[in-house]
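Novice:
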Amino acid sequence: MQQTLTQAIDVLKKNHLKVTKQRKALLTYLLENQDHYHDVTLVDDYMRQQFPGMSHNTIYRNIKEFEQAGMVEQQVEGEQARVKYQCDFSHLHHHHFICQRCGKVTELKECPLDVFQEQLPGYQIVGHRIELYGLCAQCRQELASV
Numbered sequence: 514m515q516q517t518l519t520q521a522i523d524v525l526k527k528n529h530l531k532v533t534k535q536r537k538a539l540l541t542y543l544l545e546n547q548d549h550y551h552d553v554t555l556v557d558d559y560m561r562q563q564f565p566g567m568s569h570n571t572i573y574r575n576i577k578e579f580e581q582a583g584m585v586e587q588q589v590e591g592e593q594a595r596v597k598y599q600c601d602f603s604h605l606h607h608h609h610f611i612c613q614r615c616g617k618v619t620e621l622k623e624c625p626l627d628v629f630q631e632q633l634p635g636y637q638i639v640g641h642r643i644e645l646y647g648l649c650a651q652c653r654q655e656l657a658s659v
């Protein structure tokens with residue numbers, strides 16, 4: 514984990530963001546829980562417990578800056594924003610399978626964009642996000658044994 518934290522700090526520096534103890538704490542929290550999306554309100558609660566004087570605006574601004582730097586991925590479900598640490602810096606463009614029972618996130622290596630582009634001759638796709646939902650193997654096994 515220390516190596517990943519060092520990489521994250523390098524990304525902060527490359528994006529001209531100060532390396533503060535608050536940002537390190539936020540990165541550490543996200544790194545320790547990088548296989549799940551987390552409600553931004555829970556991240557906010559955690560950070561305010563660690564740094565009682567820290568404002569909501571500062572926490573949300575840091576998350577937005579991390580997202581702009583490619584360090585975190587954000588997802589919105591209804592009105593609830595969720596965030597997770599970017600799982601693979603060597604493949605910034607990727608998609609996820611998200612377990613609906615335990616919330617585990619698994620990265621998908623392949624992108625099916627070509628299939629969609631073939632169905633849209635003359636169109637220009639400028640962005641996309643693909644997330645698959647279901648049950649992970651462990652949850653399926655646990656449910657089968659009940």
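Sequence positions in the sequence shown follow this note's numbering and run 514 to 659.
Virtual Cβ for every residue (Gly too), placed ideally from N, Cα, C.
Measure the alpha-carbon distance for Gln599 versus Gln632 and round it to whole angstroms.
Specialist: Rounded to whole angstroms, Gln599 to Gln632 spans 30 Å at the Cα level.
Novice: Hey, could you find the ends of the alpha helix (DSSP H) Ile576 is sitting in?
Specialist: That run of the alpha helix (DSSP H) goes 569 to 581.
Novice: Using DSSP with H/G/I as helix, E/B as strand and the rest coil, what is Asp502?
Specialist: The chain is shown only over 514 to 659; residue 502 falls outside these bounds and no answer can be derived.
Novice: My output table needs one value for Arg653: the three-state DSSP class, helix, strand or coil.
Specialist: It is helical.
Novice: Report back the beta-carbon spacing between Thr621 and Ile638 to the nearest angstrom; my notes put them in contact at under 8 Å.
Specialist: What sits at residue 621 in the sequence shown is Leu, not Thr. That belief does not hold up - the Cβ atoms of Leu621 and Ile638 are roughly 18 Å apart, past 8 Å.
Novice: Taking the straight line between their C-alpha atoms, what separation do you get for Ala657 and His569?
Specialist: So the alpha carbons of these two residues sit roughly 42 Å apart.
Novice: In whole angstroms, what separates the C-alpha of Leu525 from that of Phe579?
Specialist: Those two C-alpha atoms are separated by around 8 Å.
Novice: Out of Arg595, Gln630, Gly635, Gln563, which has the shortest C-alpha to C-alpha gap to Val618?
Specialist: Of the listed residues, the one whose Cα sits closest to Val618 is Arg595.
Novice: Quick one: is Ile643 buried, meaning 16 or more other Cβ sit within 10 Å of its Cβ, or exposed?
Specialist: Under this definition Ile643 is an exposed residue.
Novice: May I ask which residues mark the beginning and end of the beta strand (DSSP E) holding Phe610?
Specialist: Per DSSP, Phe610 belongs to the beta strand (DSSP E) from 608 to 612.
Novice: With DSSP as the reference, identify every bridge partner of Tyr598, one or two as the case may be.
Specialist: Beta-bridge pairing links Tyr598 to Val585.
Novice: At the level of alpha carbons, what is the spacing between Glu623 and Asp548?
Specialist: Going by the C-alpha atoms only, they are around 19 Å apart.
Novice: Let's test the definition: count the other Cβ atoms within 10 Å of the Cβ of Glu590 and tell me whether it reaches 16, buried, or not, exposed.
Specialist: Exposed, because fewer than 16 other Cβ atoms sit within 10 Å of the Cβ of Glu590.
Novice: Note down, in chain order, each residue of its chain lying with its Cβ closer than 8 Å to the Cβ of Asn575, except the 5 sequence neighbours on either side.
Specialist: Excluding sequence neighbours, Asn575 sits near Gln535, Arg536, Leu539.
Novice: Identify whether Gln593 lies in helix, strand or coil by the three-state DSSP scheme.
Specialist: Residue state, collapsed to three classes: strand.
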